[in-house]
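Listed in order, the protein sequences are those of chains A and B. Using this note's numbering, you'd call the opening residue of the first sequence number 1127 and step up by one each time. Using this note's numbering, you'd call the opening residue of the second sequence number 5 and step up by one each time. Every residue gets a Cβ at the ideal spot worked out from N, C-alpha and C, and that includes glycine.
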Amino acid sequence: MDRRRVAWKRLRDETRKDGTETLELGPMSIRLENVTKCYGRLRAVDGISFEVSPGEVFAFLGPNGAGKTTTIKLITGLLAPDSGTIEVCGRAMSMDDQTAKVQLAYVPDQPYLYEKLSAREFLEFVGEMYGLDSGTIEARSRHYMNRLQVAPFADQLAESYSHGMKQRAVLAAALLHEPKVLIVDEPMVGLDPRSVRIVKELFRERADAGFSVFMSTHTLDIAESIADRIAIINHGRIIACGTLEELKARAKREHRLEDIFLELTQPDPEAEAARSSVV
Amino acid sequence: MAQIQAGIHTSVRPDDRGRPGSLALLVRLKLRLLRNRVRQIADQSPMRLLLVILFLAVIWGALYAVFDYVFTFLRRFEQQSVIAIPLVFHVFVLAMTVLLAFSAAVLVYSALFARSEPAFLLTTPAHPRHVVAIMYLESLFFASWSLVLLGLPLMMAIGNVMGLPWHFYALFVAALLGFVPIPGAMGLVAALAVAIFLPRLARRTLLYAGAAVLAALAFWWIRLWSLTTSDSGRWLQDFLGEMQFLKAALLPSTWVTNAIRYAIEDRPADSLFYLGVTFATALFFSWAAVSFVGYYLLPAFASAQSGAQRSASVQGRASRRLTDVLFCYLPKQMRMLVLKDMRNFLRDPAQWSQLVILFGLLGLYLIYLPRSRPEGFSTQWQALICFLNQGAVTLILSTFTSRFVFPMISLEGRQMWLVGLWPMPRAEVMWAKFIYALTICGLAAVSVTFLSIRALQLPPAMAVVQASATLATCVGLCGLAVGLGARLPSFHETSAGRVASGLGGTVNLIASVVLVTVNVALVGVICYRLVEQGNLNRLDPLNVLLASLIVAIGALAASIAMKLGIRSFRRAEV
Chain A
1127 MDRRRVAWKR
1137 LRDETRKDGT
1147 ETLELGPMSI
1157 RLENVTKCYG
1167 RLRAVDGISF
1177 EVSPGEVFAF
1187 LGPNGAGKTT
1197 TIKLITGLLA
1207 PDSGTIEVCG
1217 RAMSMDDQTA
1227 KVQLAYVPDQ
1237 PYLYEKLSAR
1247 EFLEFVGEMY
1257 GLDSGTIEAR
1267 SRHYMNRLQV
1277 APFADQLAES
1287 YSHGMKQRAV
1297 LAAALLHEPK
1307 VLIVDEPMVG
1317 LDPRSVRIVK
1327 ELFRERADAG
1337 FSVFMSTHTL
1347 DIAESIADRI
1357 AIINHGRIIA
1367 CGTLEELKAR
1377 AKREHRLEDI
1387 FLELTQPDPE
1397 AEAARSSVV
Chain B
5 MAQIQAGIHT
15 SVRPDDRGRP
25 GSLALLVRLK
35 LRLLRNRVRQ
45 IADQSPMRLL
55 LVILFLAVIW
65 GALYAVFDYV
75 FTFLRRFEQQ
85 SVIAIPLVFH
95 VFVLAMTVLL
105 AFSAAVLVYS
115 ALFARSEPAF
125 LLTTPAHPRH
135 VVAIMYLESL
145 FFASWSLVLL
155 GLPLMMAIGN
165 VMGLPWHFYA
175 LFVAALLGFV
185 PIPGAMGLVA
195 ALAVAIFLPR
205 LARRTLLYAG
215 AAVLAALAFW
225 WIRLWSLTTS
235 DSGRWLQDFL
245 GEMQFLKAAL
255 LPSTWVTNAI
265 RYAIEDRPAD
275 SLFYLGVTFA
285 TALFFSWAAV
295 SFVGYYLLPA
305 FASAQSGAQR
315 SASVQGRASR
325 RLTDVLFCYL
335 PKQMRMLVLK
345 DMRNFLRDPA
355 QWSQLVILFG
365 LLGLYLIYLP
375 RSRPEGFSTQ
385 WQALICFLNQ
395 GAVTLILSTF
405 TSRFVFPMIS
415 LEGRQMWLVG
425 LWPMPRAEVM
435 WAKFIYALTI
445 CGLAAVSVTF
455 LSIRALQLPP
465 AMAVVQASAT
475 LATCVGLCGL
485 AVGLGARLPS
495 FHETSAGRVA
505 SGLGGTVNLI
515 ASVVLVTVNV
525 ALVGVICYRL
535 VEQGNLNRLD
545 PLNVLLASLI
555 VAIGALAASI
565 AMKLGIRSFR
575 RAEV
């Protein structure tokens, strides 16, 4: 039984202890159905469907320009799909995006921090934005700043941070309201090995606690080591989705993820030429 | 449009969503950012703060002196001043309406659709309307600086000349502040329209709209000029007839003007009535615009993000050919460097449009100038207009070099890993930048100067003085901008605007203004002496010496700045 099922079972057992009579399987953390997004004549995302369950670390892989960031922006509500439906924690983004947004946190590949705020001030702002009281903000800020090693530079202005420092500060801010769904785009870029280890542990802990982590990455080793399921997108289409074992079975060989990825995303010169002509 | 419409139709009303109180939180955030910025400047570069304050004080002082002179002059003509003073306000407020609407549109577009901040805020539970509201307030704050810069000395001058009581000042400030949101709201809706309908051409659209507005104003101004007749009574009648539309009762500029006018006439009740109308309209416009833009923010943001880039290959080939022609005398490596800067220039509408708009307007005025005096200009007028043109051309050049040429070396900071490894000395990098800037600025400035010479039908000697003074000032300004840009760089800054407004940029701006002032003053002395001699075509030894001095000052400024810059750039570590 994979880890997400274990986490889900634990949540169900805890619910039963509370005296709940029946238990329905809760809504999926993320659900995309036939989602399409075009930029002009280019179909950046082409009818994709997948689900992410509570308690799951979901890795989203794909070559450059495959549609990963567009998919993430669609899930977070920053882009509207041309067709299809997107749900976060059972809430349709097209109907109830504000309620859905309370349940999620997003860390983009280029983390945004106000240059003239310190990390501590930024966390305070984000906490207040999510309606947390000052005691909770202070306690959680301290916890995550220590955990992600933000504390040593927490009172410096963000303009002096390196990419890795920004990444850690933004991640701490994203976790402050304990989101049910954490969406991260290239979370390990710019992080030192110790920070990578910490972030990996954090993601795993969150998934084990019943939350979901949706992670877009090019670092296949990390996807291999912490993801419960992996989806590979190429030319805007999901070309593979499943556990590592399922992907290996599909590739019909006992490969590392890197080999499977390269095999599945092998460039097709004709398709590339046709695609570049519509850009 | 299909996807935008789909987004709009499937969305519920944003009014029902979002975290209550997020606007107060966003306001607190912006105030904290401002506080941190001011503290940082005060701690790290108090000199810069002092320089900015000094610079503002000088500008305010100069404007106050001009306004004070104008109103004192108008007061001499008791009857005419009754007509003229409100007319000055009508023109001032209407011009401010257009400028504020345009600058608010540019600022709001940038804040809502081009920066990373809204993308961050829109993934939080912040209410979209509150995100719009805070960006709107921010843009009003930044867009209204010109009103503060011009309005305060205007108010002080009127108050002083007319000897008005304290409540005039309170009513004046309230009228201006109450008026700002009206053009701001128009700018906000315009920015939304651009994001939804022209996301791929957003910057260009805003720039073209600005150029169209300026061109319309220029044509109107030229039309006023063309009213010139020998009968001054008829001229005044025609002129006032042309100005009549400014007083339309439904124009917000009329309400503000009336509020100020009644404050001057010590009729506070009437002034308060128009103030009330202005405030009520401003509040309604703001509420309507913020609600409307807030409702459509998400689909508009998605539309702005969806603007696919056009292929740059055709333009790339054209810019290469242009560079090969213009810089054929440069070694290939330097030419490649110039090509890179040339492509940046051509692909950044903010750069070329500033040159095209400012010099275009000046050119338009010079083309139409002879029509205002079909009988030709007298020697005095020729010299005076030549002197003023010289000032206008070199001042435009100094703003361009300060804003776009000065940051060029700083912006190479991020590419220093590449620049530092190039198989060419760093001094050549500097010279390539200098030659590039000189060519662009020189072509624009000399073209306008020739138009000026043609319009005024200047004799050869005076033409040579004006052309050589323009070129020498151009050399000096480009040298200062490139040299000081390397001597006082901000290598870690990515925004050209921030580099230009930094300490180095301020020093360069002051140096440029000093150079322009000295050279224009020398041209003024030459013009004065030629007028005294009654012949613009006779250069005596002193005038030749003065003309040579202008050339020498330009060359000296450029060579000193370049020498300092090259020395500094050679040692630069990033």
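#### Entry: Positions along the region 1250-1281 of chain A whose CB lies within less than 9 Å of some CB in chain B
PHE1251, VAL1252, GLU1254, MET1255, TYR1256 and GLY1257
### Contact under 8 Å by Cβ, ALA267 of chain B with PHE176 of chain B
yes
### Query
Is GLN394 of chain B closer than 8 Å to VAL527 of chain B when the C-beta atoms are compared?
yes
#### Entry: First and last residue of the uninterrupted beta strand (DSSP E) at LYS1374 of chain A
Unbroken run through LYS1374 of chain A is the alpha helix (DSSP H), 1370-1377; no beta strand (DSSP E).
### Query
The beta strand (DSSP E) spanning ASP1355 of chain A covers which residue range?
The sequence as given places Arg at residue 1355 of chain A; Asp does not occur at that position. Element bounds for ARG1355 of chain A: 1355-1360.
### Task
Using a threshold of 8 Å, state whether the C-beta atoms of PRO1234 of chain A and LYS1292 of chain A are closer than that.
no
### Task
Determine whether the Cβ of PRO203 of chain B lies closer than 8 Å to any Cβ atom of chain A.
no
### Query
For GLY506 of chain B, which of B:VAL555, B:PRO50, B:ASN348 and B:TYR140 has the nearest alpha-carbon?
B:PRO50
#### Entry: Range covered by the beta strand (DSSP E) that runs through SER295 of chain B
Careful: SER295 of chain B lies outside any beta strand (DSSP E), inside the alpha helix (DSSP H) at 272-309.
### Task
Could you tell me if the beta carbon of ASN348 of chain B falls within a distance shorter than 7 Å of some heavy atom in the ligand ADP?
Of ligands this structure carries none, so the ligand ADP is not represented either.
### Task
Would you list the one or two residues that DSSP bridges to ASP47 of chain B?
Its beta-bridge partners do not exist; DSSP assigns none.
#### Entry: Supposed close pair ALA1298 of chain A, MET1271 of chain A - CB separation, criterion 8 Å
6 Å
### Query
When the cut-off is 8 Å and only beta carbons count, does THR1146 of chain A lie next to chain B?
Only weak support exists for where THR1146 of chain A lies, its pLDDT of 41 falling under 50; the coordinates are left without a value.
### Query
Using Cβ-Cβ distances below 9 Å, what residues of the region 1217-1229 of chain A are close to chain B?
ALA1218, SER1220, MET1221, ASP1222, ASP1223, GLN1224, THR1225, LYS1227 and VAL1228
### Residue ranges of each beta strand (DSSP E) within the region 1163-1192 of chain A, 3 or longer
1168-1178 and 1183-1187
### Message
According to DSSP, simplified to helix, strand and coil, what is ALA216 of chain B?
### Response
Under the three-state reduction of DSSP output, ALA216 of chain B falls in the helix class.
### Limits of the unbroken alpha helix (DSSP H) element including ASP1385 of chain A
1383-1390
### Query
In whole angstroms, what is the alpha-carbon distance linking VAL423 of chain B and ARG339 of chain B?
14 Å
#### Entry: Contact residues within the region 112-133 of chain B, judged by C-beta distance below 8 Å to chain A
Those residues of the region 112-133 of chain B that come within reach of chain A (Cβ to Cβ, closer than 8 Å) are SER120, GLU121, ALA123, PHE124, LEU126, THR127, THR128, PRO129, ALA130 and HIS131.
### Query
Going along the chain, which residues of its own chain have a beta-carbon closer than 8 Å to the beta-carbon of ILE1364 of chain A, five neighbours each way excluded?
Answer for ILE1364 of chain A: ILE1174, SER1175, PHE1176, ALA1357 and ILE1358, listed in chain order.
### Under 7 Å by beta carbon: chain A residues contacting SER26 of chain B
MET1255
### Task
Establish whether the CB of PHE391 of chain B and some CB of chain A are separated by less than 8 Å.
Taking Cβ atoms only, chain A never reaches closer than 8 Å to PHE391 of chain B, which makes this a no.
### Query
Helix or strand or just coil, what does DSSP make of SER563 of chain B?
helix
### Task
Could you name the residues of the same chain whose beta carbon sits closer than 6 Å to that of GLY508 of chain B, not counting the 5 residues immediately before and after it, in chain order?
LEU492
### Three-state secondary structure assigned by DSSP to ALA179 of chain B
helix
### Task
Just the C-alpha distance for ALA1349 of chain A and PHE1387 of chain A, rounded to the nearest angstrom, thanks.
11 Å
### Query
Would you call the CB atoms of LEU1230 of chain A and PRO1153 of chain A closer than 8 Å?
no
### Query
Where do the ends of the beta strand (DSSP E) carrying ASP1308 of chain A lie?
One detail in the question is off: residue 1308 of chain A reads as Leu in this sequence, not Asp. Where LEU1308 of chain A is concerned, the enclosing beta strand (DSSP E) stretches over 1307-1311.
### Under 7 Å from the C-beta of PRO1247 of chain A: neighbouring residues of chain B
As written in the sequence, residue 1247 of chain A is Glu, which differs from the Pro given in the question. Within chain B, the residues near GLU1247 of chain A are ARG36.
### Query
Is ASN541 of chain B near MET420 of chain B, with beta carbons less than 8 Å apart?
no
### Query
Taking Cβ positions, are LEU1328 of chain A and ARG1294 of chain A nearer each other than 8 Å?
no
### Query
Measuring CA to CA, which of A:MET1219, A:GLU1182 and A:ARG1246 is closest to LEU1308 of chain A?
If you compare the alpha carbons of A:MET1219, A:GLU1182 and A:ARG1246 with that of LEU1308 of chain A, the shortest gap goes to A:GLU1182.
### Cβ neighbour criterion (16 or more within 10 Å) applied to THR1196 of chain A
When all chains shown are included, THR1196 of chain A counts as buried.
### Query
Apart from the five residues just before and just after SER107 of chain B, which ones in its own chain have a Cβ nearer than 6 Å to its Cβ?
ALA147
### Query
Along chain B, in chain order, which residues have C-beta atoms closer than 8 Å to that of SER1236 of chain A?
Reading off the sequence, residue 1236 of chain A comes out as Gln, not Ser. Here the neighbours are SER120.
### Task
Counting only the same chain and skipping the five closest in sequence on each side, list residues whose C-beta sits under 8 Å from that of ALA387 of chain B.
MET466, CYS531, TYR532, LEU534, VAL535 and LEU540
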